[in-house]
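This report concerns only the one structure given below.
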Amino acid sequence: MHKEITSINNSFIKEIVQLQSKSRVRKNTGRFVIEGKREISLAIKGNYEVLQLLYCDEIYTDSNLDDFQTEIIKISKEVYQKIAQRDSTEGIIAIAESKTFSLTSLKLTSKSPLILVAEAPEKPGNIGALLRTADAAHVDAVLIANPKTDMYNPNIIRSSVGCVFTNQIATGTTTEIITFLKENNINIYCAALTASKSYEKVDYADASAIVVGTEATGLSEEWLKDSTQNIIIPMQGQIDSLNVSVSAAILIFEAKRQRKFA
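FYI, the numbering for the sequence shown is 46 to 307, going by this note's numbering.
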C-alpha cells in the first residue's frame with residue numbers, strides 16, 4: 046500500500062511547488078523535480094538518486110511502480126495538476142537529489158575529447174537544445190560558462206528531453222573553464238565573426254572545444270584572446286547569425302564528420 050496525498054494544501058506538495066518555481070529553493074535543498082517517465086528513466090540511468098516518486102493512478106497506468114527503489118506516493122488528480130508544469134506528462138513525477146556540476150569532477154577518458162562550451166546562455170530552451178545536440182553527437186562533456194540559470198530548471202529538463210541527465214556537464218566562470226581547457230591541452234575553437242576561418246576548413250581531430258556565445262552579444266573578449274582559432278559559419282542570406290543551438294549543432298557535427306563519427 047502506497048502512501049496517499051489528496052490535498053493541495055499538504056506541506057510536502059507546497060514544497061514541490063516551490064522546487065518547481067524557485068531556483069533558490071532547488072539550490073538550498075539540493076533537490077529538484079522531474080516530470081515524465083522518460084525523463085525519470087534517464088535520470089536513473091545517469092545515476093541520480095530519486096528520493097520520492099509520485100503518481101496519479103487516473104493518468105499513470107503502468108504497473109511497474111514497485112520496480113523503482115524509492116518511496117512511492119499516490120496523489121489525486123487535483124494534486125497532480127497543482128504540481129505538474131506540463132500537460133503531456135504521463136501522471137508521474139519524481140523528486141531527485143541534485144549533483145554538483147564541478148569541473149574537478151569531469152572524467153575525460155578520450156585521448157582527443159570533443160567538448161561543447163556555451164558562454165552565458167540565458168534561455169532554458171536554448172540550453173536544452175544544446176544538451177540534445179551534445180547527447181546526439183555523444184560529446185565528451187558540455188561546459189557552461191557563467192550560467193544564467195540553474196541546470197535543474199524545469200524548462201531545461203523539458204527542452205532537453207532528459208539529456209541534462211545523460212551528458213557529462215560542468216559549470217564555471219569563463220576564466221575557470223579556459224584554465225581547465227588549457228591544462229588539459231584542449232584546442233579552443235570560438236564561433237566568432239572576426240579573424241575567423243570557415244568552420245569546415247579547421248581540423249578538429251585533436252582534443253577540441255567548440256565554444257559558442259549568445260546571439261545578442263557573442264563571446265566575451267576573454268574567449269577570443271585565448272582562442273586557438275576563431276571559426277565562422279558562412280551566411281548566404283540577409284541575416285548574419287543563427288540560433289546558438291543550431292550553430293552548435295553544425296559545428297559539432299562537422300567535428301564528428303571529420304572524426305568519422307567515432
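Every residue, glycine too, gets a C-beta built ideally from N, C-alpha and C. Given the structure is predicted, the values throughout are model-derived calculations rather than measurements.
Pick helix, strand or coil for residue i, following the three-state DSSP scheme.
i    : result
E325 : With the chain running from 46 to 307 in the structure shown, residue 325 is simply not present.
A186 : strand
L159 : strand
G81  : coil
N229 : coil
E267 : helix
L296 : helix
I58  : helix
R203 : helix
N275 : strand
Q63  : helix
I104 : coil
K144 : coil
A236 : strand
G173 : helix
S241 : strand
With a threshold of 16 other CB atoms inside 10 Å of the CB of residue i, please say whether the residue is buried or exposed.
i    : result
R302 : exposed
S198 : One detail in the question is off: residue 198 reads as Asn in this sequence, not Ser. It is buried - the Cβ of N198 has at least 16 other Cβ atoms within 10 Å.
R38  : Only positions 46 to 307 of the chain appear in this structure, which leaves residue 38 out of reach.
G282 : exposed
L188 : buried
T134 : buried
L87  : buried
T262 : exposed
F77  : buried
T220 : exposed
H243 : Residue 243 is actually Ser in this sequence, not His. Answer is exposed; the Cβ neighbour count stays below 16.
I58  : buried
A300 : buried
Within a Cβ cutoff of 6 angstroms, which residues of the same chain sit near residue i, ignoring the five residues on either side of it in sequence?
i    : result
E167 : K193
S155 : D185
R131 : E80
Q63  : V70
Going along the chain, which residues of its own chain have a beta-carbon closer than 8 angstroms to the beta-carbon of residue i, five neighbours each way excluded?
i    : result
Y122 : One detail in the question is off: residue 122 reads as Lys in this sequence, not Tyr. For K122, where only same-chain residues beyond five positions count, the Cβ hits under 8 angstroms are C101, E103, I104.
A129 : E80, I138
A250 : S157, Q303, R304
N191 : E164, A165, T218, T219
Contact check, residue i vs residue j under 8 angstroms by CB: the rounded distance?
i   : j    : result
I53 : K127 : 4 angstroms
### Inter-stretch contact (C-beta, 8 angstroms, three-pair minimum) for the region 201 to 211 and the region 232 to 239
Judged by Cβ distances under 8 angstroms, the region 201 to 211 makes no contact with the region 232 to 239, as fewer than three pairs qualify.
### Query
Do the region 271 to 281 and the region 172 to 184 make contact, defined as three or more Cβ pairs closer than 8 angstroms?
Contact fails between the region 271 to 281 and the region 172 to 184, because fewer than three Cβ pairs, one in each stretch, are under 8 angstroms apart.
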